[in-house]
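So the structure is just underneath, and the comments pick up after that.
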Amino acid sequence: MLPILGFEVIGRENIPVDNPGIMVCPHGKTPVHIPPLGVILLPYRCRDYHLVIDRNHGNSPIARDFFQLLNMAGWTREECVKILQEGSDLVTLPGGSQELLHSDSNYEIDWSNRKGYARVAKEAKVFIVPTFCVNLQEAFWTPFFLKPFVSGRFSSKKFPIYFAWGGLPVKLVTVIGKPILWDESKTVDDMANETVNAVRQLRDANQRLPGNKFYALLDRFRTIKAKTNFPDV
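Just so you know, full-length UniProt numbering puts 7 at position 7 of the sequence shown, and the rest follows in order with no gaps.
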């Protein structure tokens with residue numbers, strides 16, 4: 001599916017190159033933007049990256065070995081801190097199954113009390129990089145007549161029912177914002193709130209709301225000049 005999608009990364013100069021860090025990304029209906037993002041950043045960062053996934057999926061006996069082969073797992077907080085201290089980057093998608101089930105073309109960023117990435121960043125004393133993928137919800141979506149099956153009591157399951165529809169060859173652009181630097185005076189809540197606000201600013205500055213599949217297709221034929229620098233981020 002990836003070859004039919006246009007993909008671009010803007011703002012990679014915002015990532016400090018000397019130290020490892022945590023990259024925070026929205027999940028969307030499917031995190032199809034993560035593999036090409038890692039491939040594009042690898043020559044620039046010269047570091048391995050590890051993707052933190054849902055523990056119920058990462059520890060599944062059926063797929064655990066396959067996920068670990070791709071540096072994907074449901075690591076504990078202590079394991080994540082160790083990975084960073086060893087010099088590798090972490091990529092996390094705090095929205096997880098909630099975004100997978102309930103996100104739509106309004107691109108709401110609501111990570112509730114999911115602040116594990118901020119706790120890890122504070123313990124490992126590393127920066128957090130906020131990112132946003134333009135047109136992500138236009139590539140895959142849940143049809144309206146299937147939404148009743150992925151809401152209500154189904155959404156509370158450890159392995160929720162999920163229907164992916166689409167695969168439109170839209171232009172996906174991952175915009176990387178300025179890093180949230182670690183500071184001893186910042187609490188976990190402070191770092192988490194800064195990150196969510198930064199992702200929302202990237203969304204508001206670069207994504208047409210609500211999303212439009214026709215214009216997302218047209219983006220394949222024009223240059224997107226994303227905004228990545230904000231004075232208050």
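Where is the CB? At the ideal position from N, CA and C, for every residue including glycine.
task = Could you check what DSSP says for residue 25 in three-state terms: helix, strand or coil?
result = The three-state secondary structure of residue 25, taken from DSSP, is coil.
task = Could you name the residues of the same chain whose beta carbon sits closer than 6 Å to that of residue 217, not counting the 5 residues immediately before and after it, in chain order?
result = 170
ask   = For residue 206, which of 194, 195, 214 and 219 has the nearest alpha-carbon?
value = 219
query = Whose C-beta lies closer than 7 Å to the C-beta of residue 111 among residues of the same chain, with five residues either side of it excluded?
reply = 94, 95 and 196
query = Alpha carbon to alpha carbon, how far is residue 212 from residue 64?
reply = 37 Å
request  = Can you say whether residue 89 is buried or exposed, counting buried as having 16 or more other CB atoms within 10 angstroms of its CB?
outcome  = buried
query = How is residue 166 classed by DSSP in three states: helix, strand or coil?
reply = strand
ask   = Which whole runs of the alpha helix (DSSP H) in the stretch 77–123 are 4 residues long or more, in chain order?
value = 77–85 and 96–102
ask   = Would you report the Cα separation of residue 5 and residue 185, rounded to the nearest angstrom?
value = Rounded to whole angstroms, the gap between the alpha carbons of residue 5 and residue 185 is 42 Å.
request  = Just tell me which of 180, 129 and 221 has its CA closest to the CA of residue 172.
outcome  = 221
task = Given a cut-off of 8 Å, decide if residue 49 and residue 17 are closer than it, judged by their beta-carbon atoms.
result = no
request  = Give a yes or no on whether the C-beta atoms belonging to residue 121 and residue 85 are separated by under 8 Å.
outcome  = no
ask   = By DSSP, does residue 41 sit in helix, in strand, or in coil?
value = helix
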